[in-house]
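Read through the structure below, which is laid out as structure tokens, and then see the notes.
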Amino acid sequence: MSENVVKSAARVLEVFEYFARRRTPATVGEVCNALGYPQSSTSVLLKSMFTLGYLSYDQGSRRYSPSVKVAMLGEWIPEELQAGADDVGHPMASIQVPQA
5 MSENVVKSAA RVLEVFEYFA RRRTPATVGE VCNALGYPQS STSVLLKSMF TLGYLSYDQG
65 SRRYSPSVKV AMLGEWIPEE LQAGADDVGH PMASIQVPQA
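Structure below.
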């Protein structure tokens with residue numbers, strides 16, 4: 005990991021990317037096994053994301069999943085991308101996406 009990246013911020017995004025690939029709810033154990041994180045820090049991270057409203061938690065299955073709040077974060081982007089495609093002077097027209 006780059007020294008310019010805050011570790012906890014990277015982990016939050018890695019959790020979201022994991023759920024994007026998985027497409028189903030996951031337990032703490034499944035997340036920590038998939039991402040190679042210690043179970044204790046994974047548990048604290050997922051609980052924090054739940055407390056902030058970015059994950060939902062099912063007590064019966066003990067599984068987490070991204071919340072509606074996550075889906076709403078990017079709902080404005082398609083409209084802006086279209087505006088950028090239509091107008092070369094639009095701020096979205098010059099956005100460069102870093103390669104992973």
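Take 5 as the starting number for the sequence shown in my numbering and just add one per residue.
A virtual CB, placed ideally from N, CA and C, is assigned to each residue, including glycine.
Do residue i and residue j have their C-beta atoms within less than 9 Å of each other?
i, j, result
"Thr28", "Ser60", "no"
"Arg26", "Leu49", "no"
"Ala24", "Ala30", "no"
"Tyr22", "Val9", "no"
Pull up the DSSP beta-bridge partners for residue i, would you.
i, result
"Ala30", "Tyr68"
"Tyr61", "Tyr68"
What's the gap between the Cα of residue i and the Cα of residue j?
i, j, result
"Glu79", "Val72", "11 Å"
"Phe20", "Met76", "14 Å"
"Val74", "Tyr41", "22 Å"
"Ser65", "Lys51", "15 Å"
"Thr55", "Glu7", "28 Å"
"Ile81", "Ala13", "21 Å"
"Ser45", "Glu18", "14 Å"
Mind reading off the beta-carbon distance from residue i to residue j? Whole number of angstroms is fine, and I expect it under 8 Å.
i, j, result
"Gln43", "Gly57", "Gln43 to Gly57, Cβ: 23 Å. No contact."
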